[in-house]
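J.: Pasting in a structure now, in structure tokens, and then I'll have a few things to ask.
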Amino acid sequence: MNRKQEVLQDVVIKFAGDSGDGMQLTGTQFTNNTALLGADLSTFPDFPAEIRAPQGTLPGVSGYQLRFSSESIHTPGDHWDVLVAMNAAALKTNLKNLKKGGKIIVNTDGFDTKNLRLANYPDGVNPIEDNSLDNYEVIKMDVTKMTREALKDFQMGTKEKDRAKNMFVLGFLYWMYDRDMANTEKFLQEKFGKKPEILESNLKVLRAGYNYGDTTETFTTQYKVEKAKIKAGSYRSIMGNQALAYGLIAASVKSGLQLFLGTYPITPASDILHELSKHKNFGVKTFQAEDEIAAITSAIGASYGGLLGVTTTSGPGMALKSEAMGLAMMLEIPLLIVDVQRGGPSTGLPTKTEQSDLLQAYYGRNGESPMPVVAASTPSDCFEAVYEAVRISVEHMTPVIFLSDGYIANGAEPWQYPSSENLPPIHVEFKTELGHNEAKFQPYQRNENGVRPWALPGTAGLEHRIGGLEKENITGNVSYDPENHQLMVKIRQEKVDKIAYNIPEQTLDNGPEEGDVLVLGWGSTYGVIKTAVEELLQQGHSVAHAHLRYVRPFPRNLGDMLRRYKTVLIPEINNGQLVKIIRDQYLVDAKAYNKIMGVPITKTELTEEIKKHLHLTASLS
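Under the numbering used here, the first residue of the sequence shown is numbered 229, with each subsequent residue one higher.
Below you can see the structure in the form of structure tokens.
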């Protein structure tokens, strides 16, 4: 059979099905395969908010979006070229974002009367039979039937056979995009090596899907995306939580401090615990506590004892940890609090992304409790950003809050392996003896940066009082003196403020040094801002992009940078949090663009918003 091959620059695929259909596994395997190919990629997994929504229903749809390209990309894409819909609910939930003329691969077995009813289609309506999809290329496959046929000789129940449906789809897509399946075959062998029947069934169905594309005359075209033109080096696909875990390990090794994670499982932060628990060879200690308060206090104890204390959580857990965070700030010891943000308030939307905790990180404790705040911007950036958060915490003897979110944590992108010798040093200095002319240890005697010494318990001659009550300046004795309390509040604030002189000045990611509009971002809005601003610059507009890693304290030149633009626009996946802080600190009339739907801002939305401000600026000139 004659096959033609079409070379594409950019492809966006959305895998969608019931939460039991294995769409996350399918998407992850296709992503890993794409990374090996050398294309640039960006992903957005979209999990159901409920642990197990009723099968076949709209709330039960699980999705995985993958974009891969021969060019540099920064977002998983606004609209999809290919939609894989394993049932009627998956089609109904996702059709609105499929490009006109796009491909729909449907599992016809998922469009029977029961599935159509569960997806709330009217009686007698079947979208794959009523010509309502004429604007798309529909590829109908009875995946369930063909999976069972491939496994007819296996002594397995029908339910067990049907679990391999996702492998059929994956094999077919490997054929469609002219891929080698070796990496997925190796994955299956490692995962099911001790369960030979499950291993062989998955391998057989994977190959059956590939052969279906290869032997069926309906399909005459294969597609190929070339390698991306990116900086030479060794790369792998990495998710944000993985990169964060590796960054913590690197900081532990570089600082010489043993890593201790005290945590309580919570979506979407739990994978950090799972990943770190695999690396005991680096001396990592992981402790799953009975609750959030026990988790953070165990990490405080570890830091007090001279380890690198870390605790991980999401927004609801941050609220529970807040009093203990105040204790760590009062003790002035290193501690890293990782908040992988999710939709809120209360327990909120566990699997939906939101930049919802910035104000909580800034102000969410009793009393005056300033803490540095560092934010990651992409999955791979989690490595460098959390490494830097550890450096600040250790060198400035302070708890540090590190902000990620569900989009960063579960998304994936290529990551170039760093070299250990290229990582900046993390200076650790334990006080081991009394200083010159120091008759008695003074635990709150400070250096020029306002940093007190780190003395480990049990060090002879350095016994000192510790606890959560207000400290007397220098001695650390308990004090209820009003003037001393005001002095200590000012000193602790000044210590955090001085960190601004130990971090880089703010730079532009793109655009002119002054102009009409500066788009200022933090966290996971990085990719969409970069993409929108690049496009507008190519069109000749006066627009620039700056992205914050250091959110408290801000880089010392940020105010001057903001004042060089006629308009400052701050897009956020919340109801306007950074914009409040910027207005407060710099008296700049910053404009907000907010989206609170549990999904990222799209390039189309943001481009239109920036254009509004460009036109408004032009009309006022």
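Beta carbons: idealized from backbone N, C-alpha and C, even for Gly.
(1) I'd like to know whether the C-beta atoms of F488 and G437 end up nearer to each other than 8 Å.
(2) Compare the beta carbon distance of E800 and T753 with 8 Å and say whether it is the shorter of the two.
(3) In chain order, what residues of the same chain have a beta carbon less than 8 Å from the beta carbon of T386, not counting five sequence neighbours either side?
(4) Is M546 helix, strand or coil when you go by DSSP?
(5) I need the straight-line Cα distance from G751 to L344, nearest angstrom please.
(6) My parser needs the alpha helix (DSSP H) runs of 4 or more residues fully inside the stretch 618–659; what are they?
(7) Name the DSSP beta bridge partners of S270, please?
(8) With C-beta atoms as the reference, is G543 less than 8 Å away from D567?
(9) I'd like to know whether the C-beta atoms of G774 and Q734 end up nearer to each other than 8 Å.
(10) CB-CB under 7 Å to N325, same chain, minus the five flanking residues each way: which ones, in chain order?
(11) Closer than 7 Å by C-beta to N430: which residues in its own chain qualify, once you throw out the five before and the five after it? Chain order, please.
(12) Can you look up H841 in the DSSP assignment and give me helix, strand or coil?
(13) Thinking C-beta only, is Y729 closer than 8 Å to R784?
(14) So, Y852 versus L236, is the Cβ gap smaller than 8 Å?
(15) How many whole angstroms separate the CB atoms of N261 and R407, which I take to be in contact at a CB cut-off of 8 Å?
(16) Output the residue ranges of the beta strand (DSSP E) runs that lie fully inside the stretch 348–379 and measure 3 residues or longer, sorted by chain position.
(17) Are there 16 or more other CB atoms within 10 angstroms of the CB of S609, so buried, or fewer, so exposed?
(18) Which residues does DSSP list as the beta-bridge partners of A820?
(19) What residue ranges within the stretch 553–632 form continuous alpha helix (DSSP H) runs of no fewer than 4 residues, ordered along the chain?
(20) Over the uninterrupted beta strand (DSSP E) stretch that includes F400, give me the two end residues.
(21) Since Y635 and F243 are thought to touch, with beta carbons under 8 Å apart, how far apart are those beta carbons, to the nearest angstrom?
(22) Taking only the alpha-carbon atoms, compute the straight-line gap between K726 and D788 and give it to the nearest angstrom.
(23) Quick one: what's got a C-beta closer than 7 Å to L842's C-beta in the same chain, skipping five residues either side?
(24) Which term fits P598, buried or exposed, when burial requires 16 or more other beta carbons within 10 angstroms of its beta carbon?
(25) So E582 packs on G826, CB below 8 Å; how close in whole Å?
(26) Grab me the residues of L346's own chain with a C-beta within less than 6 Å of its C-beta, minus the 5 sequence neighbours each way, in chain order.
(27) Can you give the Cα-Cα distance for A473 and Y292, rounded to whole angstroms?
(28) Give me the Cα-Cα distance between K342 and L563, rounded to the nearest whole angstrom.
(29) Helix, strand or coil for H775? Go by DSSP, reduced to three states.
(30) Would you report the Cα separation of I810 and V816, rounded to the nearest angstrom?
(31) Tell me E234's beta-bridge partners as DSSP assigns them.
(32) Starting from K718, trace the beta strand (DSSP E) both ways and give me its first and last residue.
(33) Put S847 into one of helix, strand or coil per three-state DSSP.
(34) In terms of residue numbering, what span does the alpha helix (DSSP H) encompassing I757 cover?
(35) Taking a contact to mean a Cβ-Cβ separation below 8 Å, would you say E763 touches T835 in this structure?
(36) Grouping DSSP H, G and I as helix and E and B as strand, with all else coil, what is G288?
T.: Once the coordinates are examined:
(1) Against the sequence shown, residue 488 aligns to sequence position 260. Against the sequence shown, residue 437 aligns to sequence position 209. Cβ atoms of F488 and G437: not closer than 8 Å.
(2) The residue given as residue 800 occupies position 572 in the sequence shown. The residue given as residue 753 occupies position 525 in the sequence shown. For E800 and T753, yes; Cβs fall inside 8 Å.
(3) In the sequence shown, the residue the question calls residue 386 occupies position 158. Excluding positions up to five away in sequence, the list reads R376.
(4) Start at 1 with the first residue of the sequence shown, and residue 546 comes out as number 318. The answer is helix: DSSP assigns M546 an H, G or I state.
(5) Counting from 1 along the sequence shown, the entry for residue 751 is found at position 523. Counting from 1 along the sequence shown, the entry for residue 344 is found at position 116. G751 and L344: Cα-Cα distance of roughly 39 Å.
(6) 634–638
(7) Position 42 of the sequence shown, counted from the start, is the residue given in the question as residue 270. S270 is bridged to R295.
(8) Indexing the sequence shown from 1 puts residue 543 at position 315. Indexing the sequence shown from 1 puts residue 567 at position 339. Result yes, Cβ atoms of G543 and D567 sit closer than 8 Å.
(9) Locating residue 774 in the sequence shown gives position 546, counting from the first residue. Locating residue 734 in the sequence shown gives position 506, counting from the first residue. A small fix is needed here, since residue 774 is Ala in this sequence, not Gly. The answer is yes: Cβ separation under 8 Å.
(10) Looking up residue 325 in the sequence shown gives position 97. The answer, listed in chain order, is H307, W308.
(11) Start at 1 with the first residue of the sequence shown, and residue 430 comes out as number 202. Cβ neighbours of N430 beyond the five flanking positions: A392, M395, L416, F420.
(12) Position 613 of the sequence shown, counted from the first residue, corresponds to residue 841. Three-state result, H841: helix.
(13) Working through the sequence shown from its first residue, we reach residue 784 at position 556. Working through the sequence shown from its first residue, we reach residue 729 at position 501. Contact: yes.
(14) Summary: the structure shown does not reach residue 852, with the chain confined to residues 229 through 849, and so no result is reported for it.
(15) Residue mapping note: residue 261 aligns to position 33 of the sequence shown, counting from 1. Residue mapping note: residue 407 aligns to position 179 of the sequence shown, counting from 1. Correct: roughly 6 Å between the Cβ atoms.
(16) 365–369
(17) Numbered from its first residue, the sequence shown carries residue 609 at position 381. Checking the sequence, you will find Asp at residue 609 rather than Ser. Per the 10 Å Cβ criterion, buried.
(18) Working through the sequence shown from its first residue, we reach residue 820 at position 592. Its beta-bridge partners are I798.
(19) 586–591, 609–624
(20) Position 172 of the sequence shown, counted from the start, is the residue given in the question as residue 400. Counting along the chain, F400 falls outside any beta strand (DSSP E), though it belongs to the alpha helix (DSSP H) covering 393–404.
(21) On the sequence shown, position 407 is the one that residue 635 refers to. On the sequence shown, position 15 is the one that residue 243 refers to. About 17 Å separates the CB atoms of Y635 and F243; that is not less than 8 Å, and the two are not in contact.
(22) For the purposes of this step, residue 726 is identified with residue 498 of the sequence shown, where counting begins at 1. For the purposes of this step, residue 788 is identified with residue 560 of the sequence shown, where counting begins at 1. When rounded, the distance between both Cα atoms is 18 Å.
(23) Against the sequence shown, residue 842 aligns to sequence position 614. Here the set comprises D744, V745, H769, V771.
(24) As a working note, residue 598 is residue 370 in the sequence shown. The residue in question, P598, is buried, as its Cβ has 16 or more Cβ neighbours within 10 Å.
(25) Reading the sequence shown from its first residue, position 354 is the one you call residue 582. Reading the sequence shown from its first residue, position 598 is the one you call residue 826. Their Cβ separation, rounded to whole angstroms, is 7 Å, which keeps E582 and G826 in contact under 8 Å.
(26) Translated into positions along the sequence shown, residue 346 becomes position 118. Excluding sequence neighbours, L346 sits near G284, T285.
(27) Position 245 of the sequence shown, counting from 1, holds the residue named residue 473. Position 64 of the sequence shown, counting from 1, holds the residue named residue 292. Straight across, the Cα-Cα distance linking A473 with Y292 is about 23 Å.
(28) Locating residue 342 in the sequence shown gives position 114, where the first residue counts as 1. Locating residue 563 in the sequence shown gives position 335, where the first residue counts as 1. The alpha-carbon atoms of K342 and L563 are separated by roughly 53 Å.
(29) To locate residue 775, count along the sequence shown from 1; it is residue 547. Here H775 sits in strand by DSSP.
(30) Position 582 of the sequence shown, counted from the start, is the residue given in the question as residue 810. Position 588 of the sequence shown, counted from the start, is the residue given in the question as residue 816. Rounded to the nearest angstrom, the two C-alpha atoms are 7 Å apart.
(31) Stepping through the sequence shown from its first residue, residue 234 is reached at position 6. The partner list for E234 (beta bridge, DSSP) reads Y451.
(32) In the sequence shown, residue 718 corresponds to position 490, counting from 1. From DSSP, K718 is part of no beta strand (DSSP E) but of the alpha helix (DSSP H) over 710–726.
(33) Position 619 of the sequence shown holds residue 847. Reduced to three states, the DSSP call for S847 is helix.
(34) Here residue 757 is taken as the residue at index 529 of the sequence shown, counted from 1. From DSSP, the alpha helix (DSSP H) with I757 extends over 754–766.
(35) Along the sequence shown, one-based indexing puts residue 763 at 535. Along the sequence shown, one-based indexing puts residue 835 at 607. E763 is a Cβ neighbour of T835, given a cutoff of 8 Å.
(36) Taking the first residue of the sequence shown as position 1, residue 288 is located at position 60. Helix at G288.
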